[in-house]
DNA sequence: CCGCGAAATGATACATTGTATCAATCAGGG
DNA sequence: CCCTGATTGATACAATGTATCATTTCGCGG
Ligand SMILES: [Zn+2]
Ligand SMILES: [Zn+2]
Ligand SMILES: [Zn+2]
Ligand SMILES: [Zn+2]
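Chains as they are written, first to last, in my numbering: chain P, 71 to 242; chain W, 71 to 242.
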């Protein structure tokens, strides 16, 4: 287990490998439904991957236009809709943005933890939240299928920054 | 306990009474902060009350314009922001609409159960969901304060309608 | 009552986000 | 090659939300 293969930082190469496999799986699923993974669609996925977080449709558009000057809003939204249908991308309602799914192996409920300060997003599949929501729905006659729950708050680093700023104020 | 007072349907008058008291409380809170409850703001609240559910800003605008022809988007959004700050109105991110708070007595976390078929919204304060979210946040360093959780699904009546339509199809 | 300053509104323009439409192209199967 | 459905291009538009700044209103102290 050494040689050139060991020169990647632990956090990068295996992820790239997993992503390649994920993409292959997505492509085969698409083709089996008579749908195609095209250059435009790949470009959207790559842009989200490069960002490593959420982007709005128009931020995506800017990035795509660097390579392909005649990308349009409609095209971006079409690609996003395509990937959302394939389960590879999620839409964040609270920030009007889009992000790669972190578990695109299968359809899934789950939660999106969003920091309102820095925009960081963490995707989880917490049984506690899912089952609490399910039970609440049962009591009130609602069924929650296929939808992610967005939880907006403040992440640890941002809270730390906030406390530091406060301390600063008390000193001054 | 009879006479004219008893002629209201049980579901209407007491609610109106509760709302009047709620409005009074809100007004006193506002005034104590040097803020005012004006005609325009009252009109927004009344429109939401009359609707008995969620309305988008522009749906609200249409209704306001029936009475006051020169209402503007900016005015509507300002009034909505005012009431959200006062805790009397919630914004639904997933439908871009606004709804009266059902428990405006105090600031509160809670859940908004939204039917994607009929748009019905039910506001709850479920300890199970709230504490599950809190625990999940603790594990990942997030703190969720003051924000409502939106749960989108299908309500009982709509599921029943759906099943009826399916049966219809099998017959035909 | 007057007049001051903060709060609120009016008016207008603009920014952002998301869709509809329809012709032109592309990819793959017979 | 030709047919068909999927995709794209191009354009216009709809829906949602803000910025700006002059003007008006309101509460309050003098
Ligand atoms: Zn996911
Ligand atoms: Zn953060
Ligand atoms: Zn509420
Ligand atoms: Zn329903």
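Note that beta-carbon positions come from the ideal geometry of N, C-alpha and C, so glycine has one too.
Within 8 Å, strictly: CB atoms of residue i and residue j
i, j, result
"residue 114(W)", "residue 130(W)", "yes"
"residue 123(P)", "residue 195(P)", "no"
"residue 177(W)", "residue 198(W)", "no"
"residue 193(W)", "residue 228(W)", "no"
"residue 245(W)", "residue 155(W)", "Only positions 71 to 242 of chain W appear in this structure, which leaves residue 245(W) out of reach."
"residue 169(W)", "residue 210(W)", "no"
Closer than 8 Å to chain P by CB, residue i
i, result
"residue 222(W)", "yes"
"residue 157(W)", "no"
"residue 203(W)", "yes"
"residue 194(W)", "yes"
"residue 182(W)", "no"
Residue i - DSSP class collapsed to helix/strand/coil
i, result
"residue 71(P)", "Residue placement at residue 71(P) cannot be trusted, given a pLDDT of 48 that sits under 50; what the coordinates show is reported in the next sentence. Correct three-state label for residue 71(P): coil."
"residue 110(W)", "helix"
"residue 169(W)", "strand"
"residue 116(W)", "helix"
"residue 185(P)", "strand"
"residue 160(W)", "strand"
"residue 126(P)", "coil"
"residue 194(P)", "strand"
"residue 142(P)", "coil"
"residue 220(W)", "strand"
Inter-residue spacing [alpha-carbon to alpha-carbon] between residue i and residue j
i, j, result
"residue 137(W)", "residue 110(W)", "10 Å"
"residue 203(W)", "residue 214(W)", "8 Å"
"residue 167(W)", "residue 147(W)", "11 Å"
"residue 112(W)", "residue 96(W)", "11 Å"
"residue 149(P)", "residue 88(P)", "22 Å"
"residue 91(P)", "residue 120(P)", "17 Å"
"residue 208(P)", "residue 226(W)", "9 Å"
"residue 116(P)", "residue 161(P)", "16 Å"
"residue 86(P)", "residue 125(P)", "20 Å"
"residue 100(P)", "residue 107(P)", "7 Å"
"residue 159(P)", "residue 174(W)", "36 Å"
"residue 133(W)", "residue 165(P)", "28 Å"
"residue 230(P)", "residue 98(P)", "45 Å"
"residue 75(P)", "residue 163(P)", "Unreliable positioning characterises residue 75(P) in this predicted model, as indicated by a pLDDT of 49, which lies under 50. A coordinate reading is not provided."
"residue 135(P)", "residue 141(P)", "6 Å"
"residue 139(W)", "residue 145(P)", "39 Å"
Within-8 Å CB hit, residue i to chain W
i, result
"residue 215(P)", "yes"
"residue 225(P)", "yes"
"residue 168(P)", "no"
"residue 126(P)", "no"
"residue 210(P)", "yes"
"residue 164(P)", "yes"
"residue 206(P)", "yes"
"residue 229(P)", "yes"
"residue 232(P)", "no"
"residue 136(P)", "no"
"residue 219(P)", "yes"
"residue 74(P)", "Because residue 74(P) sits at a pLDDT of 49, beneath the cut-off of 50, its placement in the model cannot be relied upon, and the point is left open."
"residue 191(P)", "no"
"residue 123(P)", "no"
Task: Inter-stretch contact (C-beta, 8 Å, three-pair minimum) for the region 182–189 of chain P and the region 216–230 of chain P - done: Verdict: yes, contact present.
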